[in-house]
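Chemist: Residue numbers (this note's numbering), protein chains in the order written: chain A, 1 to 189; chain B, 1001 to 1189.
Beta carbons are placed, not taken as given, at the ideal position from N, Cα and C, and that holds for glycine.
Note that the structure is a prediction, hence the values are computed from the model and not measured.
Take a look at this one; I'll ask things after.
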DNA sequence: GCAGTATGGGACATAAATGTCCCATAAATA
DNA sequence: TATTTATGGGACATTTATGTCCCATACTGC
């Protein structure tokens, strides 16, 4: 449940991760990318790729799974349950930005997650939602809109800022601050 | 320059529009949709589709063009130059929500617009940007972040809310109000 | 050095989407 | 009714991604 490394040794584990990482990165930018493209990006032969993931669907599933794990680790490290909601929220933003590539892959195409809505991960349903609800209960966050909407709005802003950064429209170091500013206070002055 | 209907009569014009509309709708939900899928959605034969648009690229270009026209009309009707920036901004949100489908198609995949950044439409570069800059100059909007970022943030929120609505997560009538609320004031209370 | 493992690359078959061509037919028009 | 126009559908070649197989070659640990 915690990891896929049952008894996978050295090299195999390393190339597997290289493939998964490259696939996430490439597919985030182009959902229609070829397996050959991914193999090149991962710096492995196409044969090797097929050796690890028999077909495209298997690879896709694995990348989704892996991306969720990466995302989950980042969120766990952010310790969203600790401290004032506002500060936790800022850590959340930073954590999401850190895994921007994976976010872009997971949520770039709604079809990617199709069947996964609420059937997975029975424990710890939504760390972000929990934080937002806590903030709403403490009167720190807007309670007139749903927690789900707030989370979606946050993801959308992070996603957009990462995209802007990827296209050189915004310096990478500014992502977190910009998102936090707009997300917290909106654009009115 | 103003339209593609040089002397296209009756039936042709009608099926052309049917194809464009169906293509936008289908492609918004699945960028990898087949030409056959689009033909079915438009209720025409695949041959007919090829008769109007020789190949996939031609169709894509036409759908993009058409979507921009629809978007442009909606923005023009919003008369963003008139009245206080805040009210104009709210009309802008409503206008964007109205053409949510086209937005979802145009901006759902960053690759769709690839080469189009600032080379097109020399006149009226960006109605939204102009409004935002006006608002910033008048001290109504946040001037600490770029106008481009504000516009992207707005589109992201509209896009996300439309998606939520499309999946039944939010009533359609709430889209505009929710986006405006979060966009203007953020989530802090 | 030697066995076992991991890999890259080529050859190949298959499936699917695409683009082209042609013909029969329905609809509009004169 | 006769003619033009628009269409649907089938047949076909082409292209492209995919998946499989096989072999030579590194690399690893003994």
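Beta carbons nearer than 7 angstroms to chain A: which residues of the region 1100-1116 of chain B have them?
Modeler: Those would be 1110 and 1111, in chain order.
Chemist: Going by alpha carbons, who is nearest to residue 1148 of chain B out of B/1162, B/1055 and B/1130?
Modeler: Looking at the Cα atoms, B/1130 is the closest of the given residues.
Chemist: Quick one: is the Cβ of residue 1028 of chain B within less than 7 angstroms of any heavy atom of the ligand ATP?
Modeler: This structure lacks the ligand ATP, and indeed carries no ligand of any kind.
Chemist: Hey, would you say residue 1062 of chain B sits closer than 8 angstroms to residue 1042 of chain B, going by beta carbons?
Modeler: No, the pair does not count as a contact, with Cβ atoms beyond the cut-off.
Chemist: Does residue 148 of chain A have its Cβ less than 8 angstroms from a Cβ in chain B?
Modeler: It does; some Cβ of chain B falls within 8 angstroms.
Chemist: At what residues does the alpha helix (DSSP H) containing residue 144 of chain A begin and finish?
Modeler: First-last for residue 144 of chain A: undefined, no H or E at that position.
Chemist: Should residue 1004 of chain B be labelled buried (16 or more other beta-carbon atoms within 10 Å of its own) or exposed?
Modeler: Model confidence at residue 1004 of chain B stands at a pLDDT of 39, short of 50, so the residue's coordinates are unreliable; what they give is reported in the following sentence. It counts as exposed.
Chemist: Taking only the alpha-carbon atoms, compute the straight-line gap between residue 102 of chain A and residue 1184 of chain B and give it to the nearest angstrom.
Modeler: Each residue's Cα considered, the two are about 29 angstroms apart.
Chemist: Identify the continuous alpha helix (DSSP H) that holds residue 89 of chain A and give its terminal residues.
Modeler: Note, residue 89 of chain A: alpha helix (DSSP H), 85-98.
Chemist: With a threshold of 16 other CB atoms inside 10 Å of the CB of residue 54 of chain A, please say whether the residue is buried or exposed.
Modeler: When all chains shown are included, residue 54 of chain A counts as exposed.
Chemist: Name the chain B residues whose beta carbon is nearer than 9 angstroms to that of residue 55 of chain A?
Modeler: Neighbours of residue 55 of chain A on chain B: none; closest Cβ ~16 angstroms, over 9 angstroms.
Chemist: Between which two residues does the alpha helix (DSSP H) harbouring residue 131 of chain A extend?
Modeler: Element bounds for residue 131 of chain A: 127-137.
Chemist: Helix, strand or coil: which one does DSSP assign to residue 1188 of chain B?
Modeler: Residue 1188 of chain B falls in the strand class under three-state DSSP.
Chemist: Which residues in the same chain as residue 106 of chain A place their Cβ atom closer than 8 angstroms to its Cβ, once the five residues preceding and following it in sequence are excluded?
Modeler: Hits under 8 angstroms: 64, 67, 68, 71, 112 and 113.
Chemist: For residue 1173 of chain B, is the classification buried or exposed, using 16 other Cβ atoms within 10 angstroms of its Cβ as the cut-off for buried?
Modeler: Exposed, by the Cβ-count rule.
Chemist: Less than 8 angstroms between the C-beta atoms of residue 48 of chain A and residue 15 of chain A, yes or no?
Modeler: Contact flag set, yes.
Chemist: Can you list, in chain order, the residues of its chain whose CB lies under 8 angstroms from that of residue 1026 of chain B, leaving out five sequence neighbours each side?
Modeler: Closer than 8 angstroms at the Cβ level, and outside the excluded window around residue 1026 of chain B, lie 1033, 1037, 1038 and 1041.
Chemist: Taking the Cβ atom as the reference point for each residue, do residue 1189 of chain B and residue 139 of chain A lie within a distance shorter than 8 angstroms?
Modeler: Cβ distance < 8 angstroms, so residue 1189 of chain B and residue 139 of chain A count as in contact.
Chemist: Measuring only the C-alpha atoms, how far is residue 134 of chain A from residue 1160 of chain B?
Modeler: Going from the Cα of residue 134 of chain A to the Cα of residue 1160 of chain B covers about 23 angstroms.
Chemist: Is the shortest distance between the beta-carbon of residue 1059 of chain B and the beta-carbons of chain A less than 8 angstroms?
Modeler: Chain A contact via Cβ: absent.
Chemist: Could you work out which residues of chain B lie near residue 164 of chain A, taking near to mean beta carbons separated by less than 9 angstroms?
Modeler: 1148, 1149 and 1152, listed in chain order.
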